[in-house]
Structure formats: structure tokens, C-alpha cells
Amino acid sequence: MIVHRRAVTAVLAATTLLLTAGCSSDGSGDDSPGGGTGPASSGTAPGSSPTRQAAEATPPAKGSVKVLRTVTEGLKTPWGLAPLPDGDLLVSSRDDGTITRIDDRSGKKTELGEVSGVSAAGEGGLLGIALSPDYASDHMVYAYFTSDSDNRVVRMVYDERKTPGEQLGAPDTVFKGIPKGFIHNGGRIAFGPDKMLYAGTGESGDTGLSQDRKSLGGKILRLTPEGDPAPGNPFPGSPVYSYGHRNVQGLAWDAKQRLFASEFGQDTWDELNAIKPGGNYGWPDAEGRSDDKKFQNPIAQWHTDDASPSGVAYAEGSVWMAGLKGQRLWRIPLNGTQASADPQSFLKGEYGRLRTVVSAGGDKLWLVTSNTDGRGSPRDGDDRILEIQVS
Numbered sequence: 004m005i006v007h008r009r010a011v012t013a014v015l016a017a018t019t020l021l022l023t024a025g026c027s028s029d030g031s032g033d034d035s036p037g038g039g040t041g042p043a044s045s046g047t048a049p050g051s052s053p054t055r056q057a058a059e060a061t062p063p064a065k066g067s068v069k070v071l072r073t074v075t076e077g078l079k080t081p082w083g084l085a086p087l088p089d090g091d092l093l094v095s096s097r098d099d100g101t102i103t104r105i106d107d108r109s110g111k112k113t114e115l116g117e118v119s120g121v122s123a124a125g126e127g128g129l130l131g132i133a134l135s136p137d138y139a140s141d142h143m144v145y146a147y148f149t150s151d152s153d154n155r156v157v158r159m160v161y162d163e164r165k166t167p168g169e170q171l172g173a174p175d176t177v178f179k180g181i182p183k184g185f186i187h188n189g190g191r192i193a194f195g196p197d198k199m200l201y202a203g204t205g206e207s208g209d210t211g212l213s214q215d216r217k218s219l220g221g222k223i224l225r226l227t228p229e230g231d232p233a234p235g236n237p238f239p240g241s242p243v244y245s246y247g248h249r250n251v252q253g254l255a256w257d258a259k260q261r262l263f264a265s266e267f268g269q270d271t272w273d274e275l276n277a278i279k280p281g282g283n284y285g286w287p288d289a290e291g292r293s294d295d296k297k298f299q300n301p302i303a304q305w306h307t308d309d310a311s312p313s314g315v316a317y318a319e320g321s322v323w324m325a326g327l328k329g330q331r332l333w334r335i336p337l338n339g340t341q342a343s344a345d346p347q348s349f350l351k352g353e354y355g356r357l358r359t360v361v362s363a364g365g366d367k368l369w370l371v372t373s374n375t376d377g378r379g380s381p382r383d384g385d386d387r388i389l390e391i392q393v394s
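Numbering (the working numbering), first residue to last: 4 to 394.
Printed below as a string of C-alpha cells:
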């Protein structure tokens, strides 16, 4: 069921002209027993043009990662991260259902409040968060969470003038009806360059939902900020932007506004995909690369022991992908919508499970660990946020 808050305006319709054909995500992947020897790159991704890509600058085949500092620690089941305009950070707690503000300089934690309606169980709970594209004027924080009946997207006013613990307004549901499960709830949300809201969903353990375009499970959805199907979507009147996904928890755009998404595999291959509007990414009929031309192939794939990816970010010409079971950060250098060299891993085992990675501007990233999610081994300081420098 889709909740329509107001009619789509002419301005939003005009905004969709920004999209190009190349533009367009917890099943923490550990439910799968597979393993392997390492990553494997794939060929040309959907919507790519070898001629155009040849003219694009490509990053070096090998990069680097330097941990600059621990911003804060002592977090419990952190999941989503949203940088504020002043440099501070908002982080969601999956199990507690709270949003906390982190002072970027001191690491001080201030709880904004609890998001009402969250029903945390298994991989469900309070997941991704994002700031409204008009945050400077409306102070809206969007959140994706698991309720008693479904997964949904809500928005809340953040009022800093109120007492800590009471700074979040009542959730306004803008979209609901996404299938929920003990596993595979998706949960990543992000506003794209077109100011539309994208949401990665999971098939909740019911594999048949991924190929059903009428279902919201196993999809990437594209919505207006009010929760309507966004103008220009590939299937008229539908919020579905791409389908055939297993569990999307990472979304990121490159410098040319092309969308990339991470994908949890089952027994064999995790994926990084370049997202084509209306594209079918194969699950459950294909896991990893396939010879079936009706499916879009990943631009890179990994054995599930090496990745089990969640968040992704773009910086310095590469997609950076956080690995849960793999306990490492992957760098995938790009030439257009192709991997220009083999993926390279960093920080293997140094900080445990890695959940979320977000651009901090330029060559800096925020990186969030996930050792208190029931599948990791809590460490000194429990979960933390790191600032890292990449190339």
C-alpha cells in the first residue's frame, strides 16, 4: 500500500529531467554459508558506453585508506548515518529505535529521542536515516524502520530547541507496505541528485517477491519526498525503480549522478551493481553473473565470506563498500559504470563488522562498525564511528 501525502508538483516533474539512462542498499549476508577465495570483477554494466567511458578519468588501480581518528564509541546497534550541515552526525540505533547526535569534534552523544512505532526483531528495527533535501528550511529527518506489520518510511521534525530526548516530532508516515521479515528487510534510504527518495528493500526471506513487480520486496524504490511514485519511473504509477534484488542495503551516486547499489548474495556471490531504471538484477534466478541476457550483471562480485555488504559511498573515483561478515572495506575503482581494476580490501578484521560508509566530503569518509548487532563480537568501546582518508 502506498500512502499519497499530496499531488506531485510540476517542479518535481521538471526535476526528473536530471536523470540519465545511466543514473538510476538486514539480511546481513551471514545467513549464507558460502565462502571463497576473493573478489571477481565483471564486464560492462547496464547502460554503459565504452566510448564515453574511455574519455572519463579513472582512478589508480591501487588506492589507500588511513584511519584519522575515532569520532565516538560506545554505540549500540548503529545502522544509519546522516551528516548534518554543521558537520555533526545523526546515527540510528536499530534495536533501541533511537536517533543520536554526535558532536564531530568532541564525540559527545546527545539522544534526540525515540522513533515511535519501531518493532525491532532479528534484522529489523530502526534502519536507514536521511535528511530532507530541504532540511535547511523544514528540519525533516527521514527514517526507514520495521513496524509490527511492515517496513515503512517516515519523516519527523528535528527541533534542536527542545529538551534532549524530546527533540523528534511524531513520525509522519510517507510510505508503507514494504514486506517485513526476521531477515532481509533492506533499509537504506538516500535522496538522489534529483531530490527524489530512493529506498533499498529486501525480499524478507520470500524469494518470489523479488521478480514480482507488484511487490515492494526485493526492489529499489524511487519516491517523491511525499511518498508518491516519482515522475519518470520506469513503470508508470509504480514506485519500483529496479527489481530482482535479494537485499539492498547500500546506495550511492558517482560524480555523474549514476546510481550504484550493494547486494547480499546467498551461498555464492555478493554483488555491486550499476543500477539501470527498470533493470532486472536476477534474484532468485541468478546470483552473481549470469549468461541470461534479461538480467543485469554486477560490475563486481565477491564470495559471501569476503563481503556480505551493507553501506556504500562514492569518493575519489571509487565506490567504497562496507563488509559485515567480511569485516573489511572494499574499494572498487570505476571507469563509468565498469570496475576499472580489481576490487581492493582494507582494514580486514581491524574493526570487526562494518555496517555503514558515508561521504564526509573530498577524500574523507565516515565509517560505522556493527559488532553489537547479534552477529558480531563486541569489542572495547563497542561500536564506533571512524573518520578515514581514502585515495
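Every residue gets a Cβ at the ideal spot worked out from N, C-alpha and C, and that includes glycine.
Any idea what DSSP makes of Glu114, helix, strand or coil? Taking the first residue of the sequence shown as position 1, residue 114 is located at position 111. Residue state, collapsed to three classes: strand.
Out of Ser218, Thr271 and Gln170, which one is the CA nearest neighbour of Lys179? The residue you call residue 179 lines up with position 176 of the sequence shown. Of the candidates Ser218, Thr271 and Gln170, the one whose C-alpha sits nearest the C-alpha of Lys179 is Ser218.
Indicate whether the contact test is met: 3 or more Cβ pairs, each with one atom in the stretch 274-282 and one in the stretch 298-310, closer than 8 Å. yes
If we count the other Cβ atoms within 10 Å of its Cβ and call it buried at 16 or more, is Gly328 buried or exposed? By one-based count along the sequence shown, residue 328 stands at place 325. Position check: residue 328 holds Lys in this sequence, whereas Gly was assumed. It is buried - the Cβ of Lys328 has at least 16 other Cβ atoms within 10 Å.
Quick test of your reading: Gly355 and Asn374, contact by CB under 8 Å. State the CB separation rounded to the nearest angstrom. In the sequence shown, the residue the question calls residue 355 occupies position 352. In the sequence shown, the residue the question calls residue 374 occupies position 371. Right, their Cβ atoms sit about 4 Å apart.
Within 10 Å of its beta-carbon, does Gly25 have 16 or more other beta-carbons around it, so buried, or fewer, so exposed? As a position in the sequence shown, residue 25 is number 22, starting the count at 1. In this prediction, Gly25 scores a pLDDT of 35, lower than 50, which makes its location untrustworthy; no coordinate-derived value is stated.
So what's Tyr147 in DSSP terms, helix, strand or just coil? The count along the sequence shown starts at 1 and reaches residue 147 at position 144. Strand, per DSSP.
In chain order, each beta strand (DSSP E) run of at least 3 residues that lies wholly inside the stretch 262-339: 262-266, 272-277, 303-306, 312-318, 321-326 and 332-338
Straight-line CA distance for Gly384 to Val74? Walking along the sequence shown from the start, residue 384 turns up at place 381. Walking along the sequence shown from the start, residue 74 turns up at place 71. Using only the alpha carbons, I get a separation of about 12 Å.
Could you check if Pro174 is buried or exposed, using at least 16 other CB atoms within 10 Å of its CB as the buried criterion? Indexing the sequence shown from 1 puts residue 174 at position 171. Answer is buried; the Cβ neighbour count reaches 16.
Quick one: residues in its chain with C-beta nearer than 6 Å to the C-beta of Phe298, no 5 flanking neighbours on either side, listed in chain order? If you number the sequence shown from 1, residue 298 lands on position 295. Asn283, Gly285 and Ala289.
First through last residue of the beta strand (DSSP E) which encompasses Tyr246: Translated into the one-based positions of the sequence shown, residue 246 becomes position 243. Counting along the chain, the beta strand (DSSP E) containing Tyr246 begins and ends at Val243 to Tyr246.
Given Asp308 as reference, the closest of Val315, Glu319 and Gly268 once Cα atoms are compared: As a working mapping, residue 308 is identified with position 305 in the sequence shown. For Asp308, the nearest C-alpha among the options comes from Gly268.
Identify whether Ala139 lies in helix, strand or coil by the three-state DSSP scheme. On the sequence shown, residue 139 is found 136 positions in, with the first residue counted as 1. Of the three classes helix, strand and coil, the one that applies to Ala139 here is helix, per DSSP.
One question on the structure: do Gly125 and Gly190 come within less than 9 Å of each other, judged by their Cβ atoms? In the sequence shown, the residue the question calls residue 125 occupies position 122. In the sequence shown, the residue the question calls residue 190 occupies position 187. No. Outside cutoff.
Ser265 beta carbon less than 9 Å from that of Met324: Position 321 of the sequence shown holds residue 324. Position 262 of the sequence shown holds residue 265. A contact, by the Cβ cut-off of 9 Å.
Could you tell me whether the stretch 377-394 touches the stretch 59-73, using the rule of 3 or more Cβ pairs below 8 Å? yes
Tyr317 and Ser362 - do their beta-carbons sit closer together than 9 Å? Translated into the one-based positions of the sequence shown, residue 362 becomes position 359. Translated into the one-based positions of the sequence shown, residue 317 becomes position 314. Contact flag set, yes.
By Cβ distance below 8 Å, which residues in the same chain neighbour Ser380 in space, the five residues on each side in sequence not counted? If you number the sequence shown from 1, residue 380 lands on position 377. Within the same chain, Ser380 has close Cβ partners Gly355 and Asn374.
Does the Cβ of Glu163 have 16 or more other Cβ atoms within 10 Å, making it buried, or fewer, making it exposed? Here residue 163 is taken as the residue at index 160 of the sequence shown, counted from 1. Answer is exposed; the Cβ neighbour count stays below 16.
Distance between Leu226 and Ser343 (C-alpha atoms, nearest Å): One-based indexing of the sequence shown puts residue 343 at position 340. One-based indexing of the sequence shown puts residue 226 at position 223. Going from the Cα of Ser343 to the Cα of Leu226 covers about 31 Å.
If you count every other CB in all the chains shown that lies within 10 Å of the CB of Asp386, and 16 or more means buried, which is it? Along the sequence shown, one-based indexing puts residue 386 at 383. It counts as buried.
When burial is assigned at 16 or more other CB atoms within 10 Å of the CB, is Leu2 buried or exposed? Coverage of the chain is limited to positions 4 through 394, which leaves residue 2 absent and any answer about it impossible.
Looking at the structure shown, is Gly211 part of a helix, part of a strand, or coil, going by DSSP? Indexing the sequence shown from 1 puts residue 211 at position 208. It is helical.
Alpha carbons only, please: which of Leu71, Ala85, Glu76 and Met143 is nearest the one belonging to Thr176? Position 173 of the sequence shown, counted from the start, is the residue given in the question as residue 176. Among Leu71, Ala85, Glu76 and Met143, the Cα nearest to that of Thr176 is on Met143.
Cβ-based burial, Pro346 [other Cβ within 10 Å; buried from 16]: Numbered from 1 along the sequence shown, position 343 holds the residue referred to as residue 346. It is buried - the Cβ of Pro346 has at least 16 other Cβ atoms within 10 Å.
So for Lys183, helix, strand or coil by DSSP? As a working mapping, residue 183 is identified with position 180 in the sequence shown. Here Lys183 sits in coil by DSSP.
Would you identify the three-state DSSP class for Asn154, choosing helix, strand or coil? Against the sequence shown, residue 154 aligns to sequence position 151. Strand, per DSSP.
Length of the line joining the Cα atoms of Val243 and Arg216: The residue you call residue 243 lines up with position 240 of the sequence shown. The residue you call residue 216 lines up with position 213 of the sequence shown. Their Cα atoms are separated by approximately 7 Å.
Apart from the five residues just before and just after Asp370, which ones in its own chain have a Cβ nearer than 6 Å to its Cβ? For the purposes of this step, residue 370 is taken as the residue at position 367 of the sequence shown. The sequence shown places Leu at residue 370, not Asp. Answer for Leu370: Val360, Leu389 and Ile391, listed in chain order.
Suppose you measure from the CA of Leu93 to the CA of Pro136; what does that come to, to the nearest Å? Position 90 of the sequence shown, counted from the first residue, corresponds to residue 93. Position 133 of the sequence shown, counted from the first residue, corresponds to residue 136. Leu93 and Pro136: Cα-Cα distance of roughly 15 Å.
What would DSSP say about Thr359, mapped onto helix, strand or coil? For the purposes of this step, residue 359 is taken as the residue at position 356 of the sequence shown. Correct three-state label for Thr359: strand.
Whole angstroms is fine: what's the gap from Asn338's alpha carbon to Gly253's? Here residue 338 refers to the residue found at position 335 when the sequence shown is read from its first residue. Here residue 253 refers to the residue found at position 250 when the sequence shown is read from its first residue. Distance between the alpha carbons of Asn338 and Gly253 is about 20 Å.
Who are the near neighbours of Arg358 in its chain, counting only those whose CB is closer than 7 Å to its CB and skipping five residues on each side? Working through the sequence shown from its first residue, we reach residue 358 at position 355. Excluding positions up to five away in sequence, the list reads Pro81, Trp82, Ser313, Gly314, Ala325, Leu327, Val371, Thr372 and Ser373.
Please go through the same chain and pick out, in chain order, the residues whose beta-carbon is closer than 6 Å to the beta-carbon of Gly208, but skip the five residues on each side of it. For the purposes of this step, residue 208 is taken as residue 205 along the sequence shown, with counting starting at 1. So the list reads Gly184, Ile186 and His187, once near-sequence residues are dropped.
Less than 9 Å between the C-beta atoms of Glu117 and Pro167, yes or no? In the sequence shown, counting from the first residue as 1, residue 117 sits at position 114. In the sequence shown, counting from the first residue as 1, residue 167 sits at position 164. Going by C-beta atoms, Glu117 is not nearer than 9 Å to Pro167.
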